[in-house]
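> Residue numbers (our numbering), protein chains in the order written: chain A, 13 to 327; chain B, 13 to 327; chain C, 13 to 327. Ideal Cβ positions, reconstructed from N, Cα and C, are used throughout, including at glycine. Remember, it's a predicted structure, so these values are computed and weren't measured experimentally. Take this structure first; my questions come after.
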Amino acid sequence: MIRRISLIWFSALAVFFGCSSPSTIALLTDYGWDDPYAGAIQGVILSINPEVRILNLTHAVPSYNIREASYVLVTAAKEFPEKTIFLAVVDPEVGGSRKAIIVETLDQKLFVGPDNGLFTDAIRTFGFKRAVSITNVLWFRKGDISSTFHGRDVFAPAAARLSAGKNMDDAGAKLLEKDLVMLERTPAELTEQGITGEILHRDHYGNLVTNIPASILAKAGWRAGMALEFVLKYQVVTAKFAQKYSDVAKGEMVLVLNGQGLLELARFVGSAGDSLRAMAGDSIVVRTVGSTEPVTNSSPAATATLSKPVSNRVK
Amino acid sequence: MIRRISLIWFSALAVFFGCSSPSTIALLTDYGWDDPYAGAIQGVILSINPEVRILNLTHAVPSYNIREASYVLVTAAKEFPEKTIFLAVVDPEVGGSRKAIIVETLDQKLFVGPDNGLFTDAIRTFGFKRAVSITNVLWFRKGDISSTFHGRDVFAPAAARLSAGKNMDDAGAKLLEKDLVMLERTPAELTEQGITGEILHRDHYGNLVTNIPASILAKAGWRAGMALEFVLKYQVVTAKFAQKYSDVAKGEMVLVLNGQGLLELARFVGSAGDSLRAMAGDSIVVRTVGSTEPVTNSSPAATATLSKPVSNRVK
Amino acid sequence: MIRRISLIWFSALAVFFGCSSPSTIALLTDYGWDDPYAGAIQGVILSINPEVRILNLTHAVPSYNIREASYVLVTAAKEFPEKTIFLAVVDPEVGGSRKAIIVETLDQKLFVGPDNGLFTDAIRTFGFKRAVSITNVLWFRKGDISSTFHGRDVFAPAAARLSAGKNMDDAGAKLLEKDLVMLERTPAELTEQGITGEILHRDHYGNLVTNIPASILAKAGWRAGMALEFVLKYQVVTAKFAQKYSDVAKGEMVLVLNGQGLLELARFVGSAGDSLRAMAGDSIVVRTVGSTEPVTNSSPAATATLSKPVSNRVK
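Given below as structure tokens:
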């Protein structure tokens with residue numbers, strides 16, 4: 013009897029004082045670290061739910077770059093516990109006809125932002141559970157809704173309401189997975205010319221992350237210790253495929269598996285991106301050394317791969 | 013009876029465990045994201061009030077730029093709930109004779125920082141309630157007070173003490189609104205030459221925010237859809253006045269109302285600031301297309317406006 | 013009796029609801045503010061301890077620069093309360109033979125990161141209490157451990173477990189202070205040529221912080237108001253030794269004591285680092301004006317000092 017009363021007390025207190033683990037909203041935008049926008053959306057969130065925990069993943073994905081943001085988002089989101097709410101905004105078409113959406117993935121994570129492909133990698137990695145279009149005006153920020161700052165007026169209020177326990181079904185009409193805009197990428201695959209893929213992310217060290225997973229490298233029979241050759245931006249470069257950056261001398265190019273198990277081009281204590289003048293979206297072919305005519309001699313296969321359109325649905 | 017006891021218990025517990033919504037201190041400085049200074053002030057705050065919530069608005073307003081910081085601060089602060097404490101430091105004259113102040117605005121927000129004009133836009137937007145000069149040494153950081161880092165030694169401790177429930181009147185002598193340093197700006201007004209104003213902020217996209225509000229554009233009878241012309245840095249540029257960025261083609265110049273209802277110059281998926289070589293503080297004239305002789309033909313009215321000093325009291 | 017029961021209740025509730033002041037993990041890395049890495053380690057921490065407070069000191073110490081990171085870390089860490097856990101990662105040799113360590117200092121702070129000299133200044137400033145090597149696999153992140161991202165796989169989980177109350181002795185074998193990698197610096201000392209030292213940090217204003225403390229300047233009898241001369245990167249520059257930046261005209265070079273009581277070279281509202289093309293690690297000699305032949309006339313003493321190796325153990 014005393015135990016039952018205690019339990020009721022404890023639960024009541026937990027609710028009353030908001031003392032259980034707080035909900036978390038993790039922010040990812042291209043709003044920059046130097047402008048008022050990232051601060052403004054934090055203010056909107058706190059005004060709606062003063063108990064929530066706000067974390068900043070980054071506000072500096074390259075401006076307007078939905079493709080790169082999608083990779084950065086999934087890479088960070090992967091490490092978070094279930095029920096985390098991700099508020100992600102890279103939204104060049106703000107105020108236009110693109111939808112505002114909430115997506116729940118199979119691992120119980122929630123993603124709030126524009127329907128422009130930004131959640132492509134999250135949905136492919138975590139699995140689609142359900143989605144809604146945010147159309148209920150009661151979910152918006154109070155006052156006028158601008159045509160230029162939906163992060164503040166639509167997305168942040170929606171994330172805050174979710175964090176305060178509102179059900180996403182209340183935000184608007186259900187969407188099917190096929191209704192959502194998804195990015196397409198150059199598939200990572202083993203071909204006669206080698207393994208094809210694309211650069212997903214150029215990080216601030218200048219490391220170039222590809223979408224080529226360890227499994228395809230294993231299928232090709234390539235192991236750490238081998239010298240490989242890659243074709244990128246009409247350059248053919250030889251580099252050691254190694255366990256870690258420091259397996260080569262300072263300044264040398266190296267191929268490693270990054271923290272996601274994806275092939276990454278790096279220079280040890282240097283910048284691969286700078287010297288290769290490469291960036292996210294560039295196509296790449298990786299092959300064993302000398303396995304193909306140099307691309308500069310206009311090898312038809314390799315150039316065909318390089319000029320292949322990177323995406324069919326979103327530029 | 014049992015209810016009364018419960019209530020007392022609940023209140024006692026809330027105080028004892030610090031479980032009610034925490035106070036929030038929001039930081040805005042030019043201390044940079046790469047240096048120890050922003051971290052140091054967070055440490056000072058936590059040492060005084062371990063319960064407070066610390067949020068970073070930005071630490072990257074342009075170095076020493078009080079004018080731009082004032083706009084960035086008010087734009088973010090506007091979205092925060094009452095009782096939020098803003099610790100803002102852009103302080104080139106640190107250690108000199110400028111006062112250290114706390115300002116309370118009519119919407120119950122508190123601003124802590126140097127008296128150099130940094131709170132101009134906050135006071136004009138939210139309304140002045142009261143202010144004090146921070147002179148009580150018990151409010152300072154323990155130990156020696158440097159002449160070069162008042163963010164750590166004076167402002168952060170004051171913000172932390174406010175967050176812990178101290179009354180601002182205890183910090184030092186009362187100040188009147190007229191005692192405070194205020195910035196002056198080129199007034200946004202409808203003149204014979206068009207609408208005059210100034211650039212308040214160049215954001216990281218390269219968007220140029222002016223101080224020209226929607227109301228003056230409405231007064232001039234200019235509506236979204238019209239082509240307008242602006243004179244900025246001796247350049248005359250024509251651009252569509254539109255609802256949203258994506259109303260023009262990629263790379264084209266566009267005029268929109270930003271999230272504050274202020275006229276903003278942008279390039280859709282591009283940088284207006286880069287191509288116009290313009291920045292905060294520059295004067296601007298906006299007019300209908302062809303309404304005036306081009307400024308490059310030395311139109312006296314327009315050039316007079318452009319060379320008008322931007323501020324009388326603070327450079 | 014009632015009092016005793018209340019006390020037990022209170023303690024039980026505090027533990028149950030996690031309502032006492034949360035543990036704090038403060039992050040310092042070279043992971044950048046624009047990449048997924050800083051977000052990922054926050055996710056790992058929250059997955060292990062959902063109650064912890066996470067603060068970001070900086071993620072933008074210069075890439076791979078252990079020397080500069082060591083100074084930035086100690087400067088921020090100094091201001092934090094005891095029991096704060098610092099998770100610091102600048103780790104070019106990730107995946108190699110360098111140890112992963114936890115260091116406790118005499119002021120009850122905990123430092124988690126690679127054993128590569130990163131904690132040199134913290135240990136020298138706060139005093140060494142004890143250290144362990146993180147080798148217990150139960151302390152690692154679940155799943156495969158990468159060779160390229162120990163911040164996520166080793167250091168963040170260790171910091172999170174410490175924050176959740178685990179004892180550092182459980183993480184691995186004890187290390188002695190002499191087992192740890194420590195940086196060496198050009199000693200700050202009064203010599204016949206003047207005071208020698210090195211640049212510890214170039215901040216984002218372009219201020220150059222030296223390791224020359226106020227005490228050595230006092231020993232030399234140099235006081236604010238004097239004109240001094242410094243030799244840096246083969247340049248001889250005269251500057252006023254002043255109380256504060258604004259003691260000289262805008263754009264002029266000035267020597268001040270920074271917030272740590274260390275000599276700092278600055279330009280008032282300008283960048284000393286830009287004009288001197290100097291950075292962390294550069295040696296410096298400070299002397300009274302005209303006290304020595306100019307270094308450009310190949311004064312042997314001064315050039316000897318300038319070419320002296322900056323570190324014997326870590327490049």
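Find the residues of chain B that neighbour Arg-79 (chain A), judging by a C-beta separation of less than 7 Å, and give them in chain order.
Ordered by position in chain B, no residue passes the 7 Å Cβ test against Arg-79 (chain A), which lies about 13 Å from the chain.
> Just grab the DSSP bridge partners of Ser-159 (chain C) for me.
Answer is none; Ser-159 (chain C) lacks a bridge partner.
> Give the interface partners of Tyr-76 (chain B) over in chain C, defined as CB-CB distance under 7 Å, in chain order.
The answer, in chain order, is Val-281.
> Would Tyr-217 (chain B) count as contacting chain A if we go by Cβ distances under 7 Å?
Yes, its Cβ sits closer than 7 Å to a Cβ of chain A.
> Among C:Thr-208, C:Glu-116, C:Gly-107, C:Ala-88, which residue has its Cα nearest to the Cα of Phe-140 (chain C)?
That would be C:Glu-116, whose Cα lies nearest to the Cα of Phe-140 (chain C).
> Where do the ends of the alpha helix (DSSP H) carrying Phe-138 (chain C) lie?
Unbroken alpha helix (DSSP H) run through Phe-138 (chain C): 132 to 138.
> State the DSSP-derived secondary structure class of Leu-195 (chain C), mapped to helix, strand or coil.
The answer is coil: DSSP assigns Leu-195 (chain C) none of H, G, I, E or B.
> Output needed for Gly-184 (chain B): all residues of its chain with C-beta closer than 7 Å, excluding positions within five of it in sequence on either side, in chain order.
Excluding positions up to five away in sequence, the list reads Val-144, Ser-145, Ile-146, Thr-147, Asn-148.
> Taking the continuous beta strand (DSSP E) assigned at Gly-206 (chain C), which residues delimit it?
Looking at the DSSP string, the run of the beta strand (DSSP E) that includes Gly-206 (chain C) is 206 to 214.
> Evaluate Ser-109 (chain A) with the Cβ neighbour count: other Cβ atoms within 10 Å of its Cβ, from every protein chain shown; 16 or more gives buried, anything less gives exposed.
Classification for Ser-109 (chain A): exposed.
> In whole angstroms, what separates the C-alpha of Asn-77 (chain A) from that of Val-221 (chain B)?
Rounded to whole angstroms, Asn-77 (chain A) to Val-221 (chain B) spans 22 Å at the Cα level.
> Does the beta-carbon distance from Arg-142 (chain C) to Gly-271 (chain A) come in below 7 Å?
Contact: no.
> Assign Glu-201 (chain C) to buried or exposed, taking buried as 16 or more other Cβ atoms, counted over all protein chains shown, within 10 Å of its Cβ.
When all chains shown are included, Glu-201 (chain C) counts as exposed.
> In terms of alpha-carbon separation, which member of B:Ala-254, B:Leu-40, B:Ala-72, B:Ser-35 lies closest to His-216 (chain C)?
Checked all of B:Ala-254, B:Leu-40, B:Ala-72, B:Ser-35; the closest Cα to His-216 (chain C) is B:Ala-72.
> In chain B, what lies closer than 7 Å to Lys-256 (chain C) by C-beta?
Result: Val-106, Gly-107, Gly-108, Ser-159, Thr-160.
> Which residues in chain B have a C-beta closer than 7 Å to the C-beta of Trp-45 (chain A)? List them in chain order.
Chain B residues near Trp-45 (chain A): Trp-45, Thr-70, Ala-72.
> With 16 other CB atoms within 10 Å as the buried threshold, where does Lys-154 (chain A) fall?
Exposed is the call here.
> So, does the CB of Thr-87 (chain A) fall closer than 7 Å to a CB anywhere in chain C?
Chain C contact via Cβ: present.
> Along chain C, which residues have their Cβ under 8 Å away from the Cβ of Arg-164 (chain B)?
Correct list: Glu-91, Gly-271.
> Where in the segment 267 to 310 of chain B do unbroken runs of the alpha helix (DSSP H), each at least 4 residues long, occur, reported from the N-terminal end onward?
You should have 284 to 288.
> Could you check what DSSP says for Gly-51 (chain A) in three-state terms: helix, strand or coil?
Helix, per DSSP.
> Write down the C-beta distance between Ile-358 (chain B) and Val-298 (chain B) rounded to the nearest angstrom, noting that I regard them as a contact closer than 8 Å.
What is shown of chain B runs 13 to 327, which leaves residue 358 (chain B) out entirely.
> Kindly examine the ligand MG and report whether one of its heavy atoms sits closer than 6 Å to the Cβ of Phe-98 (chain A).
The ligand MG is not part of the structure shown, which contains no ligands of any sort.
> Report the CB separation of Ile-97 (chain C) from Leu-174 (chain C) in whole angstroms; it is logged as a contact under 8 Å.
At roughly 5 Å, the Cβ-Cβ gap stays under 8 Å, so Ile-97 (chain C) and Leu-174 (chain C) are in contact.
> Give a yes or no on whether 7 Å exceeds the smallest Cβ distance from Glu-305 (chain B) to chain A.
Reliability of the predicted coordinates at Glu-305 (chain B) is poor, the pLDDT of 49 falling under 50, and no value is obtained from them.
> At the 7 Å Cβ level, is Leu-40 (chain C) part of the contact set with chain A, yes or no?
No, no contact with chain A.
> Within 8 Å, do at least three Cβ pairs link the segment 82 to 102 of chain B to the segment 31 to 40 of chain B?
Short answer: they touch.
> Thinking just about the alpha-carbon of each residue, which of C:Arg-214, C:Lys-252, C:Gln-255 is nearest to the one in Met-291 (chain C)?
Of C:Arg-214, C:Lys-252, C:Gln-255, the residue nearest in Cα terms is C:Arg-214.
> Measuring only between beta-carbons, confirm whether Val-56 (chain C) sits less than 7 Å from chain A.
Chain A contact via Cβ: present.
> For Lys-231 (chain B), name the three-state secondary structure that DSSP assigns.
It is helical.
> Would you identify the three-state DSSP class for Thr-147 (chain C), choosing helix, strand or coil?
Coil.
> Kindly indicate which residue of B:Ala-232, B:Ala-278, B:Pro-199 has the alpha-carbon position closest to the one of Ala-254 (chain B).
Cα-wise, what sits closest to Ala-254 (chain B) is B:Ala-278.
> Taking the continuous beta strand (DSSP E) assigned at Glu-116 (chain C), which residues delimit it?
112 to 117 is the extent of the beta strand (DSSP E) around Glu-116 (chain C).
> Tell me whether the beta-carbon of Val-86 (chain C) lies closer than 7 Å to the beta-carbon of Thr-160 (chain B).
Contact flag unset, no.
> Going by DSSP, what residue range makes up the beta strand (DSSP E) through Arg-164 (chain A)?
Here Arg-164 (chain A) belongs to no beta strand (DSSP E), and DSSP marks it neither H nor E.
> List the whole-angstrom C-beta distance separating Gly-293 (chain C) from Glu-210 (chain C), where the pair is believed to meet the contact cut-off of C-beta under 8 Å.
Gly-293 (chain C) to Glu-210 (chain C), Cβ: 7 Å. Contact.
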